[in-house]
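Trainee:
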Amino acid sequence: MFGWRSSKTEISDALSIVELLVHMDCEGCEKRIRRAISKIEGVDTVEVDMNQQKVTVTGYVDQRHVLKVVRRAGRKAEFWPYPYDSEYYPYAAQYLDESTFSSTYNYYRHGFNESVHGYFPDQAYSTVSDETVFLFSDDNVHACSIM
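Here this note's numbering runs 900 ahead of the position in the sequence shown, where the first position is 1.
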């Protein structure tokens, strides 16, 4: 009929790794998500990282189906939006917040677009002239007194 579907679910042919960004508050949320995902047919492993709010599912599953199951479990979820190289950028937001230069094929991260090349020590003294500092000094008899 119109709403009829077969009770047999199809398993994906390819082994896939699904990474999700899931908002989790406590261990109860983690257990609920882990239980819901482990009930999916074709799931091999479920890894939950509470610090990064990341859930990694390995198995013969469809990405959209895993996302739908996590959302049905009552958690706000989306696909993992950050790149794979987490050693270079330990915090994912740090990678996405950087501005990229459109004129120079992504050279910002390597330092090629810096205005000053090399390392120069900062000046230890102030760049304000001595006359300006002396104008408000207590030693100057004719100083401007602002009170």
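Positions of the beta carbon are idealized from the N, C-alpha and C atoms, including for glycine.
Do Thr956 and Leu915 have their C-beta atoms within less than 9 Å of each other?
Mentor: One-based indexing of the sequence shown puts residue 956 at position 56. One-based indexing of the sequence shown puts residue 915 at position 15. Not closer than 9 Å, so no.
Trainee: Please state whether DSSP places Glu1031 in a helix, a strand or coil.
Mentor: Counting from 1 along the sequence shown, the entry for residue 1031 is found at position 131. Note: Glu1031 maps to helix in three-state DSSP.
Trainee: Within 10 angstroms of its Cβ, does Arg972 collect 16 or more other Cβ (buried), or is it exposed?
Mentor: Here residue 972 is taken as the residue at index 72 of the sequence shown, counted from 1. Exposed, by the Cβ-count rule.
Trainee: On the DSSP letters alone, give me the boundaries of the beta strand (DSSP E) that Glu947 sits inside.
Mentor: The count along the sequence shown starts at 1 and reaches residue 947 at position 47. First-last of the beta strand (DSSP E) with Glu947: 943 to 949.
Trainee: Helix, strand or coil, according to DSSP, for Val970 in the structure here?
Mentor: As a working note, residue 970 is residue 70 in the sequence shown. Helix at Val970.
Trainee: What is the DSSP secondary structure of Ala936, counted as helix, strand or coil?
Mentor: Locating residue 936 in the sequence shown gives position 36, counting from the first residue. Helix at Ala936.
Trainee: Once DSSP output is grouped into helix, strand and coil, what is the label at Arg975?
Mentor: As a working note, residue 975 is residue 75 in the sequence shown. Residue state, collapsed to three classes: coil.
Trainee: Restricting to Cα atoms, I'd like to know which of Gly974, Val969, Tyr982 is closest to Glu941.
Mentor: As a first step, residue 941 is located in the sequence shown; it is residue number 41 there, counting from the start. The candidate whose alpha carbon is nearest that of Glu941 is Val969.
Trainee: Could you give the distance in angstroms between the alpha-carbon of Ala977 and the alpha-carbon of Val961?
Mentor: Numbered from its first residue, the sequence shown carries residue 977 at position 77. Numbered from its first residue, the sequence shown carries residue 961 at position 61. Each residue's alpha carbon lies about 17 Å from the other.
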